[in-house]
Structures are given as C-alpha cells and as structure tokens.
Amino acid sequence: MERKNMDEQNQCQRKLKVCVATCNRADYSKLAPIMFSLKSHPDEFDLDVVVLGSHLIDDYGNTFRMIEQDDFDIKSKLHTIVRGEDEAAMVESVGLALVKLPDVLQRLRPDILIVHGDRFDALALATAAALMNIRILHLEGGEVSGTIDDSIRHSISKLAHYHACCTRMAEQHLIAMCEDHARILLAGCPSYDKLLSTHRRDDYMDVIRSWLGDKVQDHDYIVALQHPVTTDIQHSIKIYGLMLDALISFNKKTLILFPNIDAGSKEMVRVMRKKGIEQHPNFRAVKHIPFEQFIQLVCHAGCMIGNSSCGVREAGAFGTPVINLGSRQTGRETGENVLHVRDADSQNKVFHALELQFGKRYPCSKIYGDGNAVPRILKFLRTIDLDESLQKSFCFPPVKDSNSQDIDHILETQAALAVDLGGTNLRVAIICQRGKIIKKYFQPNPKTYEDRMQLLLKICEDARRDAVGLNCRLLGIGVSTGGRVNPQEGVVLHSTELIQEWSSVDLRTPISDALHLPVWVDNDGNCAALAERKFGHGKGVQDFVTIITGTGVGGGIIHQNELVHGSTFCAAELGHIVVSMDGPDCPCGSRGCIESYASGLALQKEAKRLHDEELLKVEGMDMKMAEPITAAHLISAAKLGNPRAEAVLNKASTALGVGIVNILHMLNPSLVILSGVLASYYQAPVQNVISEKALMSAQNIKVLVSQLEEPALLGAASMVLDYATRRTY
Numbered sequence: 252m253e254r255k256n257m258d259e260q261n262q263c264q265r266k267l268k269v270c271v272a273t274c275n276r277a278d279y280s281k282l283a284p285i286m287f288s289l290k291s292h293p294d295e296f297d298l299d300v301v302v303l304g305s306h307l308i309d310d311y312g313n314t315f316r317m318i319e320q321d322d323f324d325i326k327s328k329l330h331t332i333v334r335g336e337d338e339a340a341m342v343e344s345v346g347l348a349l350v351k352l353p354d355v356l357q358r359l360r361p362d363i364l365i366v367h368g369d370r371f372d373a374l375a376l377a378t379a380a381a382l383m384n385i386r387i388l389h390l391e392g393g394e395v396s397g398t399i400d401d402s403i404r405h406s407i408s409k410l411a412h413y414h415a416c417c418t419r420m421a422e423q424h425l426i427a428m429c430e431d432h433a434r435i436l437l438a439g440c441p442s443y444d445k446l447l448s449t450h451r452r453d454d455y456m457d458v459i460r461s462w463l464g465d466k467v468q469d470h471d472y473i474v475a476l477q478h479p480v481t482t483d484i485q486h487s488i489k490i491y492g493l494m495l496d497a498l499i500s501f502n503k504k505t506l507i508l509f510p511n512i513d514a515g516s517k518e519m520v521r522v523m524r525k526k527g528i529e530q531h532p533n534f535r536a537v538k539h540i541p542f543e544q545f546i547q548l549v550c551h552a553g554c555m556i557g558n559s560s561c562g563v564r565e566a567g568a569f570g571t572p573v574i575n576l577g578s579r580q581t582g583r584e585t586g587e588n589v590l591h592v593r594d595a596d597s598q599n600k601v602f603h604a605l606e607l608q609f610g611k612r613y614p615c616s617k618i619y620g621d622g623n624a625v626p627r628i629l630k631f632l633r634t635i636d637l638d639e640s641l642q643k644s645f646c647f648p649p650v651k652d653s654n655s656q657d658i659d660h661i662l663e664t665q666a667a668l669a670v671d672l673g674g675t676n677l678r679v680a681i682i683c684q685r686g687k688i689i690k691k692y693f694q695p696n697p698k699t700y701e702d703r704m705q706l707l708l709k710i711c712e713d714a715r716r717d718a719v720g721l722n723c724r725l726l727g728i729g730v731s732t733g734g735r736v737n738p739q740e741g742v743v744l745h746s747t748e749l750i751q752e753w754s755s756v757d758l759r760t761p762i763s764d765a766l767h768l769p770v771w772v773d774n775d776g777n778c779a780a781l782a783e784r785k786f787g788h789g790k791g792v793q794d795f796v797t798i799i800t801g802t803g804v805g806g807g808i809i810h811q812n813e814l815v816h817g818s819t820f821c822a823a824e825l826g827h828i829v830v831s832m833d834g835p836d837c838p839c840g841s842r843g844c845i846e847s848y849a850s851g852l853a854l855q856k857e858a859k860r861l862h863d864e865e866l867l868k869v870e871g872m873d874m875k876m877a878e879p880i881t882a883a884h885l886i887s888a889a890k891l892g893n894p895r896a897e898a899v900l901n902k903a904s905t906a907l908g909v910g911i912v913n914i915l916h917m918l919n920p921s922l923v924i925l926s927g928v929l930a931s932y933y934q935a936p937v938q939n940v941i942s943e944k945a946l947m948s949a950q951n952i953k954v955l956v957s958q959l960e961e962p963a964l965l966g967a968a969s970m971v972l973d974y975a976t977r978r979t980y
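Following this line, the structure appears as structure tokens:
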C-alpha cells in the first residue's frame, strides 16, 4: 500500500513534457513568450523545441538562428520546404513534413504539442500529432481572415484538443464549431505580452536609424509587408505592383519586408526587383527583422501598408495607422486604425489611402490581448489531466450562452476603469459589469493642466496594476468631465469655470497611449444619464431625462434608448434653459437660466447674502462662527421656518420645475430623474410645479430621485461596458 501511494505521488509531481514547434518568423513571435515562460518553470515543464519550414531557408533569413540566440535548445531541425513557391510546392511541403515528423514525435514523446496559427506547416504538425495520439494546444484558432488560411486554421482547430484564442469573437466561433467550451481559453495574443511591455524603449531612434538611415525621423517612414493570397495569386501580385508604384510616388522612406514562402511569393519578389526597389534610395528591403526591433519600427511608423496580420493585430496596440490591401485580412477584427482597400485596383487608390493615413495617430486597441496571455496559458496547461481520454468530444448545438464567463480557467471579472474629473476632486474607480465599485481612488484635482494629467495617468496606472491582483480584466477607460465634450474625438471643447486650463484638451490619446486601453470621454451630465440607463431608474426605459442638481445644473437625455448629443455636443445643457428674461446673472453669460436660480452655487450666494444681512440664522440652527456659508445652511434655515430662506428655495424650486416643464413639452420623456446633492430636496416641489403648469398629457410624468451613489463614475464605466461588449454607444 505504501509503495502504491509513493507511485501516485510521483505521478502527481511528474513534469509536463511540452513540445513547441515553430515554422517561420511570424509564429515564433507568438510562441517565444510561451517558450520563455515554460523554460523559467523547469520544475513543472520539460520544453522541447522543434524547428521546421522557412526557418531553415537562407532566402528567408535562416531565422532558426534567432531561436538559438534566445538560448533555446533545438531538439530537431526538419527541412520540410519543397522550393518552387507555387501551389504544388505547398502540397509537397506538407507531404514531406508528414514523412519526417513521425520519427521526431516518436523520439520526443511529448505530452502536449503547441501549434500556432494557420500555416500549411502547422497543418502537417497537427495532423501528425493527432494521428499519433499526442494532445494538441492550438493558438489563435477561431479567427477569420478571408482566405485559404481560414480552412487550414479551422482544420487545425478540429484536430486540436485544447484552444487558446485571442478574442471573444474567436471564442464564440470555436464554440459554434462544436468545440468543447471547457477546453477553450480566452487568453489574448502571446506576442502582446512582450510588445506592450517593451515597445517604448528609449533607444527606439537607434533601431529606426539602423534600418532606415540617420536622416529618418519618428513617424516619418512607412513599413510595408505584403504576402501572396494563394486563392488568387495573380490578383495579389497585381496589388503588390500597385502598392510599390504608390510607395515610389509617395516619396517617403520605406522599410519593405520580403513576402512569406506561400505560393506566389517568387513572382512578387520578381516584381520588386523589376521595379528596382532594392536599389531605390527611399527603400530598404529586408528578409527578417528581430521581433523586438520590428515592434519599435511598427510602433513609430507613420503608416504600415500591406496585408500582414501584424497590421490588423499588433499595430493596433500602438495606434499606428494601417492600410490593409486586398482580401487577405478583411475578415479579422480590427481597431479604428485600419483602413481597408479591398479593391486595390489602381495606383491612385492606394496613393490616396496613403495620403489619408500617413502621419495619423489612433487610440491604441487591445482587441487581441492585454499583456497577460502567457500566465493564463501556463495556468491552463497546469490543469490538463493526462489521465483524461484523448478522444475528443464535440458539443453539438445548442451552444452555451455566448456571454458565458464560466470557463474554469478564467475567473477574471470584466470591468471598466472609470474617471470623474471634478472641479475639486479627481476620482477613479474599478467598476464591474453589475455596477459594483471594486476599488476607488481619490485625490484633490491639481490646478494646472500638466499636474492634472500627470496625476490622472499615475492613478490610472496604479488602478490598472491593482486590477490584476483583484482578478479584473479592464475593457477600457471611461472619463466623465464637466463642460462641452466631443465624444467622437475624446476632446474637451470647453470646460466649466471650476476646471481651469481644460479647454480643447484631447483626453483620449494620452490616456490610451499610456495605458494601452481604449478610452471614451463624455460630459458628466451625459454620464449620469448613461448610469441611470444601465444601473438605475432608467433601466429598460426608452425615453427619460436626467438632471443633476449640484454645484451647477446639468443633465443628459435618453431618447429611444440612445444618448442625445446634438450637432455641436450641447444637447443636454439643461441648466442653461432660460426661465426668466430678467433673472439673475448666470456663469454662462446669460440671465435667468435654471442654474442661476437652482444650482448649489446660486443657493450658496443667496445664503451668504442673507447671512451678511443677519437674516439667515434662526432659533435652533447650529452654526459655528468660522464655518463657511453653504446651500445646506439655507435649506436648514428654511426647514426651521425662516421665511426669507423659504422664499429663496421656493423661487429656485419653481425655476427648476418650470425648466423641467419645458423639457416635458419639448421631448415628452416618460420619466425625469433628479441626481445630485439637492435632488431629494427638489423632488416634491418640482412634482408640484409639473402638476400645476404642465399640459394634461405631461402632468402624470414621475420625478424620481436617483438611487445611484456615484452616477458620474458609473456613467463613465457604462460607456466602456456597453461599447466594449455590445458596441451600442
């Protein structure tokens, strides 16, 4: 019995034998982070590396050397490429790989083989391993790119036992393909782990100049990478020629990489040489660039052009503008940095695309990863039960709920990073899908633009780090701020007087660049309305108005379940509805606005006036001599029977009520929600004004007080949670 227990213990402690097979420079950039991590855990994993495909071909840079330079022990090098670069050569290469692989796999006997992507070499690897009863983990399955690669990728997925995919859409595709949901890991792209952490090197200009010369400037060059489309070789060769002609005419320094080894690449190289690209002073043609340096070149390029997956995946993480030519990547998910030229049928069309894209910067996109893919993959590998049956079981319809989060290996909570830029305080919070505030950060808001931005980025960076420890996956950042905001550009056009030096400020770009997350920005009143729509009284209500009664008066309008911005983004300046032609002066420059009567500042002003005239304090009112006078003192005095305080508040309530009646007659919402510190006081008087002054059809519309504790933060979070998951905002 004791011997049996020892055997069981040894079995539990046995290291997992993992074989990583790499076929080309592109898949090594995705596999290398996993290989480094496996190597750093020698007590848990035995790593074997197999190299085949174009890694071993001189014309493609003999890129196996970079694997050796990374100090990996290559167990086997398989020459599997039949030259010819046509369709027949691709088929023969698959056959040659299938002949050579069994001996290697028989010798190594791995527990699991890690295969990447959609190359014909990878199909040979998956076929051999599946037939030899070796478990397969497929990286980047479920994606759609629009060429023969789709067929190869999906074939590998059907042979694979486990899947580590990059996007939620890819995950859903795998589920729709009847793959077992429990064996699918939504990990993100492993290359993002490296590129998000290392792309901002101080010596990036040295890297750029080493490849393009000393005179080249940051964001003033192009990276070009075009591969053949094997299902339409002649057309892809034509597009390649048009791209080269357009680049010659555009007259910018260009780093152009040779195409991959697919059928048609030989003809593309002929086109390049016929046009004299290798001798042209504006071009530098190369076969291979180390991934760390390639990151720098893509990150700081003025534009990337071609049809490489790098353009629609990795380049998005930097906000680099991309021109995607032809059909090779048109099925992939992309950020807004990608301009598709599907019918690249003229040099002029490609040239015009270069004019549109070159030199722009876009917010970074993390569609394909957040920099934590490798830890998730290792965690996934640790859970693999080698005693489990090798026979795959398929989950035929009905498919699990597409929004399910119940994968055992992913316990992260989807969350948003919410920012409330107030006139006095800067508040940041991590908020989950259900509106729960997981952690909050609070600091006084600095007075100058530079100090304010520095503090904002620091708190957001701290929150992003904390989110990992709190097991939260941040989908993006939402910013609520005072004043008029262009949410399409993420720019504060004009701010309130409370936030100085805060006009014509692009908030989205610096925050997105620093944190590698998409960013949404909107006015605090609009955010309050969004918070009510998602978490409050407005949930399920098609048409309602939210009015914030605080320091100022603002609000937001929801019409047909959509937020109304207006043509110049001031549709919900509800505090500046004029209710009296000869009323008090308003901070906006007008007179008689709701805000000049009913805002906290207006009430504070009246309280100070009464106090200076010694007409504020009444018997029973607790008021210290050095205490600053606020609107709260006015309300307290009114409650204790001060007639002058009552008169001020009645006028304020009437002004607010009349303004709301105007809103009811104009928009006909089904609900009015009051938010802010004065909301509970105004509710009953405003409801009375509506009953007295509104048209019969609007008199029964309810006025409710918001129950949300943090409407600005919750509204900022709702922008992220709604757009990032359902793209409704």
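So the sequence shown is residues 252 to 980, counted in this note's numbering.
We treat Cβ as the ideally placed atom computed from N, Cα and C, and that holds for glycine.
Model, not experiment: these values are computed from the prediction.
Counting Cβ pairs closer than 8 Å, one from the segment 769-783 and one from the segment 576-583, do we hit at least three?
-> Two segments are said to touch when three or more pairs of C-beta atoms, one from each, lie closer than 8 Å; by this definition the segment 769-783 does not touch the segment 576-583.
Beta-carbon proximity list for residue 703, same chain, < 7 Å, skipping 5 on both sides | Only 696, 697 meet the Cβ criterion.
Whole-angstrom distance between residue 505 and residue 602, CA atom to CA atom | Those two C-alpha atoms are separated by around 14 Å.
According to DSSP, residues forming a beta bridge with residue 692 | Note: residue 692 sits in a beta bridge opposite 679.
Residue 617 burial status per 10 Å Cβ neighbour count (16 or more: buried) | By the C-beta density criterion, residue 617 is buried, having at least 16 other C-beta atoms within 10 angstroms.
Compare the beta carbon distance of residue 554 and residue 605 with 8 Å and say whether it is the shorter of the two.
-> Contact flag set, yes.
Determine the direct distance from the alpha carbon of residue 764 to that of residue 570, and round the result to whole angstroms.
-> Looking at the two C-alpha atoms, the distance is approximately 8 Å.
Contacting residues, own chain, Cβ-Cβ under 6 Å from residue 337 (five flanking each side not counted) = Take residue 337, set aside five residues on each side of it, and the residues of its chain with a beta-carbon closer than 6 Å to its own are 514, in chain order.
Would residue 367 pass as a contact of residue 375 if the rule is Cβ separation under 8 Å?
-> Residue 375 is positioned such that its CB atom lies no closer than 8 Å to that of residue 367.
Boundaries of the beta strand (DSSP E) in which residue 273 is found, first to last residue = Start and end: 267-273.
How is residue 848 classed by DSSP in three states: helix, strand or coil?
-> DSSP places residue 848 in helix when its eight states are reduced to three.
Distance between beta carbons of residue 850 and residue 803, contact taken as under 8 Å = Confirmed, about 5 Å.
Rounded separation between residue 318 and residue 325 - CA only = Put simply, the backbone Cα of residue 318 is about 8 Å away from that of residue 325.
Measuring alpha carbon to alpha carbon, tell me which of 474, 889, 756, 268 ends up nearest residue 359.
-> Comparing alpha-carbon positions, the option among 474, 889, 756, 268 lying closest to residue 359 turns out to be 268.
Identify whether residue 815 lies in helix, strand or coil by the three-state DSSP scheme.
-> Secondary structure at residue 815: coil, using DSSP grouped into helix, strand and coil.
Backbone secondary structure at residue 462 - three-state DSSP = It is helical.
By the 10 Å Cβ neighbour count, where 16 or more other Cβ atoms means buried, how is residue 655 classified, buried or exposed?
-> A caution first: residue 655 carries a pLDDT of 42, below 50, which makes its placement in the model too unreliable to give a value.
Around the C-beta of residue 653, are 16 or more other C-beta atoms found within 10 angstroms, so that it is buried, or is it exposed?
-> Caution is warranted here: a pLDDT of 45 is assigned to residue 653, below 50, making its placement in the model unreliable, and no coordinate value can be reported.
Span separating the alpha-carbon of residue 836 from that of residue 760 = Spanning the two alpha carbons is a distance of roughly 37 Å.
The segment 578-593 contacting the segment 620-627, beta-carbon criterion three pairs below 8 Å | No: the two stretches stay apart, fewer than three of their Cβ pairs being nearer than 8 Å.
For residue 243, I'd like the list of residues in its chain whose CB is within less than 7 Å of its CB, leaving aside the five on either flank, ordered along the chain.
-> With the chain represented from 252 up to 980, any question about residue 243 goes unanswered, as that position is not in the structure.
Compare the C-alpha of residue 538 against each of 737, 523, 551 and name the closest.
-> That would be 523, whose Cα lies nearest to the Cα of residue 538.
Out of 725, 779, 809, point me to the one whose CA is closest to residue 712's CA.
-> Closest option to residue 712, judged by alpha-carbon separation, among 725, 779, 809: 725.
Output the boundary residues of the beta strand (DSSP E) element that contains residue 666.
-> Secondary structure note for residue 666: its beta strand (DSSP E) is the uninterrupted segment 664-672.
What residues in its chain sit with their C-beta under 8 Å from that of residue 643, if we drop five residues either side in the sequence?
-> Contacts found: 412, 431.
Helix or strand or just coil, what does DSSP make of residue 370?
-> Secondary structure at residue 370: coil, using DSSP grouped into helix, strand and coil.
Leaving out five residues before and five after residue 853 in sequence, what residues of the same chain have Cβ atoms less than 6 Å from its Cβ?
-> The residues are 847.
Residue from 396, 293, 391, 415 with nearest C-alpha to residue 482 = Cα-wise, what sits closest to residue 482 is 396.
Taking the alpha-carbon positions, what's the residue 416 to residue 685 distance?
-> It is roughly 26 Å from the alpha-carbon of residue 416 to the alpha-carbon of residue 685.
Helix, strand or coil: which one does DSSP assign to residue 257?
-> In this prediction, residue 257 scores a pLDDT of 49, lower than 50, which makes its location untrustworthy; no coordinate-derived value is stated.
For residue 723, the first and last residue of its enclosing alpha helix (DSSP H) | Taken as a continuous stretch (DSSP letters only), residue 723 belongs to no alpha helix (DSSP H), being part of the beta strand (DSSP E) at 723-732.
Exposure of residue 342, with buried meaning 16 or more beta-carbon neighbours within 10 Å = That one is exposed.
Closest residue to residue 456 among 471, 510, 488 (Cα-Cα distance) | Here the closest residue by C-alpha is 471.
With C-beta atoms as the reference, is residue 957 less than 8 Å away from residue 701?
-> Taking 8 Å as the Cβ cut-off, residue 957 and residue 701 do not qualify as a contacting pair.
Which listed residue (810, 809, 805, 818) has its alpha carbon closest to that of residue 827 | Closest by alpha carbon: 805.
C-alpha gap between residue 404 and residue 758, whole angstroms | Using only the alpha carbons, I get a separation of about 39 Å.
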